[in-house]
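Protein sequences, first through last, are from chains A and B.
In terms of my numbering, the first sequence is residues -12 to 659.
In terms of my numbering, the second sequence is residues 5 to 283.
Every residue, glycine too, gets a C-beta built ideally from N, C-alpha and C.
So the structure is just underneath, and the comments pick up after that.
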Amino acid sequence: MEEGDSSRPLLAVEDLHVAFHTPGGAVRAVAGIDFQVGRGEIVAVVGESGSGKSVTALSIMRLLPRATGRIERGRILYNGHDLLMLDDEAMRALRGRSIAMIFQEPMTSLNPVLTIGFQIMEPLRIHLGHDEAQARARAAELMRLVGIPDAERRLDQYPHQFSGGMRQRVMIAIALAAEPKLLIADEPTTALDVTIQAQILELMRDLARRLNIALVVITHNLGIVARYADRVMVMYAARMAEEGPAEALFHRPRHPYTMGLLRSVPRLDRPRAARLETIEGLPPNLAAVQAGCRFAPRCPARIEACAREPELQPTDVGSRAACWRSAEIAQGKIGRVAAAGAGEGTGASGEVLLDVRGLAKHFDVKLGLGGGRGTVRAVEDVSFSIRAGETLGLVGESGCGKTTVGRLILRLEQPSAGAISFGGVDLGSAAPDVMRALRRKIQVIFQDPYSSLNPRMTVGQIVGEPIEVYGLAADAQARAARVTDLLGQVGLRADMAARYPHQLSGGQRQRVGIARALAFEPSFIVCDEAVSALDVSIQGQIINLLEDLQRRLGLAYLFIAHDLAVVRHIAMRVVVMYLGRVMEVGEREALYREPLHPYTRLLLDAAPTPDPAVERARAPRLITGEPPSPLAPPSGCVFHTRCPVAEPRCREAVPPLVAARGEHQVACVKYQ
Amino acid sequence: MIAFCRAQPLGAVSLAVILVMMLGGVFAPWVAPYDPLAIDFAAVLARPSWAHWFGTDGYGRDILSRVIHGARTALVIGFVSSFLGSSVGALLGAASAYFGGKIDDAIQRLVDILLAFPIIVLALVVVAVLGKAVVLWIDANLIVAIAIPIVPKVARVVRAAALSVRAMPYIDAARAGGYSHLRIIFRHMAPNLAAPYLIMLTAYIAQAILLEASLSFLGLGVSEPTPAWGLMLSGNAADFYGEAPWMIIFPGLAISLAVFAFNLAGDALRDWLDPKFKT
């Protein structure tokens, strides 16, 4: 089967239909997909959650859940052979040998009780019949290939001794072990930090080119796609919306969904728009799809013909689009498809609302069974202030302490040192009744809309509880009216009050979380990665909602996030943290235009932009290495171990945060 | 009610079984064909017949009547002591997980101490210390004695579940809202701990019935001639079960049926209370 005819595509998927049979009826997760992947080609599959992209990948691997998932129709040709016709034995021989897969979650895709070496050697033994010595030598070679230093020694280590980025490298090494011809990566970098993400993507592309492996990358991140893909396939609601060369798709999209998707992402390479353009509405429910174009209900360019399902048609730019009006789009007759919003951001009032001085949080941890103890310095000497009506962005990679800062402000953790004052009252020494009144004024919106709502309470109970506890409404009737009003403010219908969280979509749940925060009538909200878990088109809606609420209610936000483009859009000032310390604080425009700290610069460089021309033109400037452990932070400037311009004196003392240009503060020896 | 029967047919059947047992117990004097204490030496160890459906025991007492009367003791002691033990245990477990730190340590050491004693010894000590305190016809201290060994086991299981609930962002949201500890534990954590609680509650009803039988056997629980299922398995049934197996079959079946019904009803209730199972 390996000796294929090289004129044939390596992989051809023809008219694929997949359905999941659930007690609630059949969910048609993939409904008619056609695409090909050539040898050595990098193809990206882009889509929001539930669009069918992962199901397509699992169908190719024939790894659909046995009990419920069924391929109803179609063919999957690998080297001209239909994979769906193979028996289990033949399919097993192919999996891992010719077609390999990398999953999203590097933390759980490796078996924690087996050594890394064993896990890399396993496919070598099974598929290539290597003996112990051969396999070990090859495993070490693979580890070096994916950029893991000290390979020989690390083969005997266990997954928990590797960081997330290193584990994903191990996953790639395992996938490459048997020299597959096709590698499918399902959201390979979604769980990783921006700087690590860039390293992994560079590695995957280089390896694919060097070893002539066809790579299918499944992702929701358009930026990733722009830099690395030869071709892009956009999926929407189980169907293909558009497919074609990356250049064409990004610069001359011919489907309104692609156009909307490209517009609704905040971008670092364009001037900041006053308001994000969004695709209004929600994707359809796949258990009950209506006839016609699936995007029509959300499409601003909808016409009568859209009541019939459009097929993929070739366009003028060499792509294929499933839209009746793609020719009109090509002629430039349909321009803006995303809902454009008006209105500028807000103005901060100037009065300091929240002031944080010298904040620190240390966690004592036990180290292994020996009983040794260590201290994790999660937050060290952090100071900033937020004015009423202002949004302060707090950015950094995972483990930098940004979430802990939020939890300290919310008094979910007690600080080890430092002071937090709110409206002039010191939270550390406030009397219990004063504290209780202040609690109401400081609220929170969490990242994960699935776990931040109590599954046993209805939406009405969740939103109504603060009103009840704090007596914010005269009686039950007034409370119900207030709940309806709050739901209206966040764009939910009043009848949603009777539903339970699991009956809502992710975006709707996040709106409930916002309504709950508003029910307290706060003046300040900590938004902890409040839009990170949402799909691109929903993310824009929530950001706009937060900005509208700020304007209307005069709220101040601490916006904690790792996505620099989102932070630039929403925040007025930005704090950059690394390993528990503040690296830089500045006004949005100044900080993004002229970052002072070397870390900020590298962070901005690592962030991908959804534009192939921009991405390919710039040289990859990567941060090498990984953040050190907060158990043993480096001496002096904590960033010196990864800093490209570090000097010997960086090791000696911690540089204080000093004003470099007006309000712009930076903690780097270069500016002392 | 109709919705419950449709969604949980098995649960509805088991609830019906429990209801029948309860009614039988309450109206035992009218339902039972004989006086459960009436001794009839003319019919000692009689086989099941039309006169004695379940046969008779070594004193010629009608086993059917004793099983019906025994439902009172079994259900009251089994349910009340399991409910008491599980509820206290669940509360301790939830509080332990919620507060953490020193309170957690204190509660868990207490649990360790209780777990160190064999169940029967622990119950013996409690009965010996407390003595008897008969309310109606049941010894209230016997219920306490049976409930106490259940407390630490439930506390352990519920604490483990509560630790994961405690880490959920919705609990953080409630804390950030400044709600009282009681509100967070009862309103926000408890409903999410219903599954382990109900499973433990129903499982320990069976244990409680058996423990009551053991204590009765040792002369510390219900004593002869009071009809009780556990007691009917001990005593002279142990001597005669070879010749008269009906002496242990029918009380044994009654215990099994009760245990089975409570377990199924618990499972059904757990699913019914979970909003995810409703469409």
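Among the CB atoms of chain A, one or more fall inside 9 Å of the CB of methionine 172 of chain B. In the three-state scheme derived from DSSP, where H, G and I count as helix and E and B as strand, aspartate 116 of chain B is classed as helix. With the criterion set as a beta carbon lying under 7 Å from some beta carbon of chain B, the members of the segment 391 to 403 of chain A are Leu397 and Leu399, in sequence order.
Take glycine 93 of chain B, set aside five residues on each side of it, and the residues of its chain with a beta-carbon closer than 6 Å to its own are Val155, Val158 and Ala159, in chain order. Contact annotation: threonine 391 of chain A and lysine 348 of chain A have beta-carbon atoms nearer than 9 Å. Between the alpha carbons of alanine 417 of chain A and leucine 179 of chain A lies a gap of roughly 39 Å. Just so you know, the alpha carbons of proline 617 of chain A and histidine 147 of chain A end up roughly 16 Å apart.
Using a CB distance below 7 Å, the part of the segment 431 to 462 of chain A facing chain B consists of Val431, Phe433, Asp435, Ser438, Ser439, Leu440, Asn441, Pro442, Arg443, Pro453 and Val456, ordered along the chain. Look at histidine 242 of chain A: its C-beta is not under 9 Å from any C-beta on chain B. Closer than 9 Å to the CB of arginine 496 of chain A there is not a single CB belonging to chain B. Every unbroken stretch of the alpha helix (DSSP H) spanning 4 or more residues and falling wholly within the segment -4 to 73 of chain A is given here in chain order: 40 to 48.
Excluding the 5 residues flanking it on each side, alanine 593 of chain A has same chain C-beta neighbours closer than 6 Å at Val181, Thr182 and Ala185, in chain order.
Across the structure, serine 86 of chain B and phenylalanine 121 of chain B are spaced so that their CA atoms are roughly 18 Å apart. Taking a beta-carbon distance threshold of 9 Å, isoleucine 429 of chain A counts as an interface residue toward chain B. In the assembly as shown, isoleucine 266 of chain A is a buried residue. Its beta-carbon has 16 or more other beta-carbons within 10 Å. A straight line joining the alpha-carbon of serine 85 of chain A with that of leucine 198 of chain A spans about 13 Å.
Here cysteine 624 of chain A is near proline 642 of chain A, since their CB atoms are less than 9 Å apart. Ranking B/Arg187, B/Ala248 and B/Leu41 by CA distance to the CA of serine 227 of chain B puts B/Leu41 first. Secondary structure of tyrosine 38 of chain B (DSSP, three-state): coil.
Contact check between the segment 67 to 85 of chain B and the segment 127 to 137 of chain B: fewer than three CB pairs, one atom from each, fall below 8 Å, which does not count as touching. In the displayed model, cysteine 293 of chain A falls within a helix according to three-state DSSP. Spatial neighbours of arginine 289 of chain A in its own chain (CB-CB distance under 7 Å, excluding positions within 5 residues in sequence) are listed in chain order as Ala283. Counting only unbroken stretches of 3 or more residues, the beta strand (DSSP E) elements lying wholly within the segment 85 to 111 of chain A are 86 to 89, in sequence order. Excluding residues up to 5 positions away in sequence, Gly83, Ile161, Ala164 and Ala165 lie with their Cβ nearer than 7 Å to the Cβ of proline 110 of chain A in the same chain.
Under the three-pair Cβ rule at 8 Å, the segment 584 to 602 of chain A counts as touching the segment 210 to 229 of chain A.
Within chain B, no C-beta atom comes nearer than 8 Å to that of phenylalanine 546 of chain A; the closest sits roughly 16 Å away.
Contact annotation for aspartate 176 of chain B against chain A: Arg394, Leu397, Leu399, Val431, Phe433 and Ser439 [CB-CB distance below 9 Å, chain order]. If the five residues before and after aspartate 278 of chain B are omitted, its C-beta is found closer than 8 Å to the C-beta atoms of Ala198 and Ala199, all from its own chain and listed in chain order. In this structure, DSSP gives alanine 506 of chain A a helical state, which the three-state scheme calls helix. Among the CB atoms of chain B, none fall inside 9 Å of the CB of methionine 72 of chain A. By the criterion of at least three beta-carbon pairs nearer than 8 Å, the segment 260 to 277 of chain B is in contact with the segment 11 to 31 of chain B. In the DSSP assignment, phenylalanine 190 of chain B falls outside any alpha helix (DSSP H), carrying neither H nor E. For glycine 500 of chain A, the nearest CB of chain B lies under 9 Å from its own CB, placing it at the interface with that chain. Exposed is the label assigned to histidine 238 of chain A, since fewer than 16 other Cβ atoms lie within 10 Å of its Cβ. Residues of the same chain with a CB within less than 7 Å of the CB of valine 632 of chain A, apart from the 5 flanking positions on each side, are Pro585 in chain order. By the neighbour-count criterion, in which 16 or more other beta carbons inside 10 Å mark a residue as buried, leucine 79 of chain B falls on the buried side.
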